[in-house]
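**Q**
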Amino acid sequence: MDEQQAKDESSGEAGRVVRPRRRHATRFVLWMMVSFPTFLLLLLLAALYVTHRPLPAPRWAIERMELGINEALAGSMQVHLGGAELVVTDGVAPRMRFLDVEIIGPRGQVRALLPEARLTLSRAALADFRIEVEAVRISGASLALRRLEDGTLDIAFGSEDAAFRAATPESLAQALTAFKQAFDAPALAALQRIDAEGMQIRLDDARNGKVWQVSAGRLSLKQDAARLAVTLSFDIGEQERMPSSVALSLNTRKHSNEASFGVAIAAVPARDVALQSPALAWLGVLDVPISGSLRSGIDASGAIGQLDARLEIGAGALNPVAGVPPVAIQGGSVHLTYNPADERVSFAELAIDSRALRLRGAGSAQLRGFSGGLPQEVLAQLSVVDLRVDPEGLFETPVQFVEGALDLRLRLDPFTLDIGQLQLSYGQDQISTSGRVAAAADGWHVALDFGTGHITQQRMLALWPLAVVAKTRNWLVENVATGELRDVRAALRLEPGAEPQLALGYGFEGAEVRILGTLPPLLDVSGYATIEGNRHALTVERGHLVAPTGGRIDVADTVLVVPDIRMRPAPAEIRLHTQSTIPAAMSLLDQEPFRFMSKAGLATDFAEGEARAETVLQMALQKELKAEDVRFRVTADLSDVRSDVLVKGRPLRADHLRLTADATGIEIAGRGTLSGVGFDASWVQRFGAEHAAASQVTGEIDLSEAGLAALGITLPRGTISGSGTGQMVLDIQRGAPTRFDLASDLQGMTLAIPSVGWRKAANEVGSFEISGTLGAPSTVERLALSAAGLEASGALTLTPEGKLASANFDAVVLDDWFEGAAVLRAQGAGNPMAIELSG
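When you read off a place in the sequence shown, starting at 1, and then add 593, the result is the number in this note's numbering.
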């Protein structure tokens, strides 16, 4: 029994040893069953790491991944995978590579094609048997977008209601919210970055009928638990045009509406920049490249923040309408801020540089009349700190201002610039401008009005375009010299196919005006000038000239008129009004082209008195003028006239005489006295070689015994009583006595020959003619009388003292009692005439 008991005990001990060994084996088997797939996965990852060979995923796995991704995207979009591969690269970072990926929008449209998308998986998640994407790298993506006519960008995140309308701040905030919500999807929650390169995007812009092609696109997206940052850069341009460069950046907080945007552009056409923001719409009138940066954002309330833009304007042109002659621009810059809440733009800096224009300014603008998210009208107030205008060949020297203010309204379609007021300053010069500039298919339409209180003539001529009424401008340059112009008003009108129209009015002071090169200049002239239509007129209100022989000649009311400034050379009419002494006036009229006094053989001081004259000159405005090229006419009022030389030896006096002269001759007419004898007559001197030494006086003279005696014709006492008038002609011959012819009807005169008992009553009419010479002594070569039954003709012989010596009548008829010849002889003072009759 003991032996058996020992065996049993031995057997129990053995059993206790065997049971622990079986439990360890079971645990090992279970561990191997669980760990083997992981071990195989590790071995697979090690093999993939060593070999760098991708492991293609089976179709069923791709479908499961596709389903999982789309469930994770929660309907914001859908993904279709063409293929998938597992790759392990340096760093033992497992990556999934998806091939031929299609991203499909909620309405079923294909948004993007991705030839390849690489997903880096989280190693920590894999250790917990979870798949989380840490990074995505995309190469060669192609996208197709469309912007509708109302400005809507045809992209949707989650629903059609979240469509992004580029022109409205509200939709931008909605689009940003939808964009961030997309990254809240479980599949993208662990995503740290997305990198894309080689992106190609086609944008059909229905709003302006253009097709844009984005090339060489580069995208970088980074996110963490708090922030999301995106940068996108690409080249863009219309098809068949050189591309421009654009770089976009976005930084936003995950659980806040706050976001900041940034855009950097290089050589983007201005018309394209103008479409991106209401504040930039005015750039659409420029055909230039734009470079620079724009920054904006969204605040915590979701409102769009202030836009800050710093832009450089490249070389190009102002060209708002096709077919309009462009205005060249060399460059410029603008720094502006835009507050979308009140639709107001502030310009911290605005600069334009070109051969024709340089502008430096600042100011603000109110945007109005929005359509499609863009304004149609801009109301602006600008301060000008530097303005230089110098279109090639337009001005003699560049026009420059150092200060100014501008109020304007710009309508973009059709392009119309209304200038409410433009005030410009340069030193003491202040110029105001208003008007309109419009562009249409047929060209530029310009209507501008200018004004200034005072400006120097040199400055005005600098502002006067050389090609606008150039002949008139040249005449002013050559003939008008003044320091100050006042109350200057100008209106410029330019219409396609028509000559420029300039209306100009200005006053001037202290001017020097030269009418003709042969005449003395007008000095210290004040007045005003106008250009209306094609007519130019200059009026002198005050001024004088110095007579060639000395003395001051006042020239107030002198007028220069150019009837048609379009003609080349332009004709001109000058009305020279003068007031001076008669010698001063006559010395002026003895200059070329007149030479009146020299042609008449008279000295310029032939008479004393005052002269008020109007000289009308008609000529062409050209440098080389001959005397025959100038037509002239002179009319003058001579007052208080005194002359002892006009009729030699016979003093002439007159209160008022009228002088007229032209190229054919000179005439002085009016009432006066000659040797005390009243007359109403005119003196005429014809010009020309045949008239050089002769002139003539014709008119009416008072007749009386004393009057005839004053003229050197003395008749016996009692022969004539009373007074009458006679028609007189004086033929003045240089170097010879003046011949006279006198005829009268004897009305009002009583004639008598007491020795024969003949008498004519005063109320009877007769005929009396007498002719001879006036001098020392005078002569009576013919005398004829017919009155009261007496017919007589003959001549008188006068003594050296002018008294009657004898009267010789060849034929005498006295009533019925005598017919024959008669001689009357003087018999001394107080004695009757002796009569000798012969039958």
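For glycine and all other residues, C-beta sits at the position ideal for the given N, C-alpha and C.
Only a predicted model underlies this, so the values are computations on that prediction, with no experimental measurement involved.
Apart from the five residues on each side of it in sequence, which residues of its chain come closer than 6 Å, Cβ to Cβ, to R1418?
**A** Counting only Cβ-Cβ distances below 6 Å, and skipping sequence neighbours, we find S1399, A1427.
**Q** Along the beta strand (DSSP E) that carries M1212, what are the first and last residues, could you check?
**A** From DSSP, the beta strand (DSSP E) with M1212 extends over 1201-1213.
**Q** In terms of DSSP beta bridges, what is T1026 paired with?
**A** Bridge partners of T1026: L1015, F1043.
**Q** L975: which of Q969, G966, A944 sits nearest, CA to CA?
**A** For L975, the nearest C-alpha among the options comes from A944.
**Q** In whole angstroms, what separates the C-alpha of A1262 from that of R1224?
**A** About 22 Å.
**Q** Look at the alpha carbon of V1358 and the alpha carbon of G1311, and state the distance between them as a whole number of angstroms.
**A** For V1358 and G1311, the distance between alpha carbons rounds to 19 Å.
**Q** Counting C-beta neighbours from all protein chains within 10 Å, is the total for M1160 16 or more, i.e. buried, or is it exposed?
**A** Counting Cβ neighbours within 10 Å, M1160 comes out exposed, since fewer than 16 surround it.
**Q** Is R846 close to chain B, meaning its C-beta is less than 8 Å from at least one C-beta of that chain?
**A** Protein chains in the displayed structure number just one, and chain B is not present.
**Q** Can you tell me which of Q1172, P871, P882, N912 puts its alpha carbon nearest to the alpha carbon of D901?
**A** Ranking Q1172, P871, P882, N912 by Cα distance to D901 puts P871 first.
**Q** Here's the rule: buried if 16 or more other CB atoms are within 10 angstroms of the residue's CB, otherwise exposed. What is S964?
**A** S964 should be labelled exposed.
**Q** Are there three or more Cβ pairs, one per stretch, closer than 8 Å when the stretch 1103-1123 is compared with the stretch 1180-1197?
**A** Judged by Cβ distances under 8 Å, the stretch 1103-1123 makes contact with the stretch 1180-1197, as three or more pairs qualify.
**Q** Distance check for S1288 and L1231, CA to CA, integer angstroms please.
**A** Roughly 19 Å separates the two Cα atoms.
**Q** For L1078, which residues from the same chain have a beta carbon less than 6 Å from its beta carbon, with the 5 sequence-adjacent residues on both sides left out?
**A** Around L1078: I1048, Q1050, M1053, Y1099, F1101.
**Q** Can you list, in chain order, the residues of its chain with a C-beta nearer than 6 Å to that of R1279? Leave out the 5 residues immediately preceding and following it.
**A** Same-chain partners within the cutoff: G1258.
**Q** Do you know offhand how far L1056's Cα is from I906's?
**A** Going by the C-alpha atoms only, they are around 27 Å apart.
**Q** Can you give me the C-alpha to C-alpha distance between Q1172 and A1122, rounded to a whole angstrom?
**A** Going by the C-alpha atoms only, they are around 22 Å apart.
**Q** Should V977 and G954 be called a contact, given that it needs their Cβ atoms to be closer than 8 Å?
**A** Yes.
**Q** Among the candidates A1220, G1281, E1203, L1218, whose CA atom is the shortest distance from the CA of A1247?
**A** The shortest C-alpha separation from A1247 is found at E1203.
**Q** Do you know how far the Cα of E1134 is from the Cα of L1097?
**A** Cα to Cα, L1097 sits roughly 18 Å from E1134.
**Q** By the three-class DSSP mapping on this structure, what secondary structure does M1426 have?
**A** Coil at M1426, not helix or strand.
**Q** Since A1084 sits in a beta bridge, which residues does DSSP pair it with?
**A** A1084 pairs with D1042, A1096.
**Q** In whole angstroms, what is the alpha-carbon distance linking L1344 and T1392?
**A** Going from the Cα of L1344 to the Cα of T1392 covers about 22 Å.
**Q** Which of helix, strand or coil does DSSP assign to H1284?
**A** Residue state, collapsed to three classes: helix.
**Q** Beta strand (DSSP E) containing I906: first to last residue?
**A** Residues 900-906.
**Q** Nearest to I731 by CA position, among V703, A717, I696, is which residue?
**A** Among V703, A717, I696, the Cα nearest to that of I731 is on I696.
**Q** Look at I1294 and G1269 and say whether their C-beta atoms are less than 8 Å apart.
**A** Going by C-beta atoms, I1294 is not nearer than 8 Å to G1269.
**Q** Within 10 Å of its beta-carbon, does G1421 have 16 or more other beta-carbons around it, so buried, or fewer, so exposed?
**A** G1421 comes out exposed.
**Q** When the Cα atoms are used, what is the spatial distance from S884 to G675?
**A** Spanning the two alpha carbons is a distance of roughly 41 Å.
**Q** When DSSP builds the beta bridges, which residues end up paired with D828?
**A** BP columns for D828 point to S808, S838.
**Q** Give me the residue from I858, N1067, D892 with the minimum Cα distance to V1155.
**A** V1155 has its Cα closest to that of N1067, out of I858, N1067, D892.
**Q** If I'm right that I1325 touches V1290 with Cβ under 8 Å, what's the distance once you round it to whole angstroms?
**A** Confirmed, about 7 Å.
**Q** Rounding to the nearest angstrom, what Cα-Cα distance links F827 and R811 in this structure?
**A** Straight-line Cα distance between these residues: approximately 6 Å.
**Q** Which one or two residues does DSSP pair with R1235 in a beta bridge?
**A** DSSP, once it has assigned bridges, lists E1201, R1246 as partnering R1235.
**Q** With a CB to CB cut of under 6 Å and the five nearest residues on each side skipped, what residues in its chain are close to V1030?
**A** Cβ within range, chain order: L1010, V1039.
**Q** DSSP three-state label for S889, please.
**A** Strand.
**Q** Rounded to the nearest angstrom, what separates Q1023 and S837 at their Cα positions?
**A** Whole-angstrom Cα-Cα distance: 44 Å.
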